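Residues in the sequence shown are numbered from 49 upward in steps of one, following my numbering.
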Amino acid sequence: MGKKTWSPGASIHRFLKETFFVPLKEQRQILENICDAITSTIPQVQEAMENYPGFKEMGKQMLFAWNQGVSSMRDKKAYALPLWNSTAKIQQLSDPPKSKIARTIIGNSEGLGLRGNNKRLSS
């Protein structure tokens, strides 16, 4: 719908209605089914986190992403759903580690001068 964001924002209900002809009432039921499925999966993820130490951080990231996604959808005025009951279980976990993805800065070269007051001095 003309946006370049992964966050559905307030337009998700309009997108589903106009693109897929899903009425708002049915959208609410689909969202509830998704929430129920995630809620029933949380204990399995937590068990895997305990049994497989290598999965612990990935499991945290999964749970936090699910929580953020579901909570953002439930907050929207279009659906007017109560807070998700599994948020408390997920908030008991410590925060997942920050991503250590190296960022490439394009356009910074020793051959280019700096802008403004940070001009390079020539020797």
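Even for Gly, the Cβ is constructed at its ideal location relative to N, Cα and C.
Quick caveat: nothing in here was measured; it's all calculated off a predicted structure.
Buried or exposed: which applies to residue i, given that a residue is buried once 16 or more other Cβ atoms fall within 10 Å of its Cβ?
i, result
"residue 107", "buried"
"residue 111", "buried"
"residue 171", "Here the model assigns residue 171 a pLDDT of 49, short of 50, so the residue's position is not dependable and the matter cannot be decided."
Starting from the Cα of residue i, find the closest Cα among the options and give me that residue.
i, options, result
"residue 119", "83, 96 and 67", "83"
"residue 85", "66, 75 and 114", "114"
"residue 129", "81, 68, 70 and 98", "81"
"residue 109", "88, 94 and 69", "94"
Pull up the CB-CB distance for residue i and residue j, whole angstroms please, since I reckon it's below 8 Å.
i, j, result
"residue 127", "residue 79", "6 Å"
"residue 75", "residue 61", "6 Å"
Under a three-way DSSP split, which group does residue i fall into?
i, result
"residue 120", "helix"
*asked:* Suppose only complete runs of 4+ residues qualify. What are the alpha helix (DSSP H) ranges in the segment 57 to 117, listed by chain order?
replied: 60 to 68 and 72 to 99
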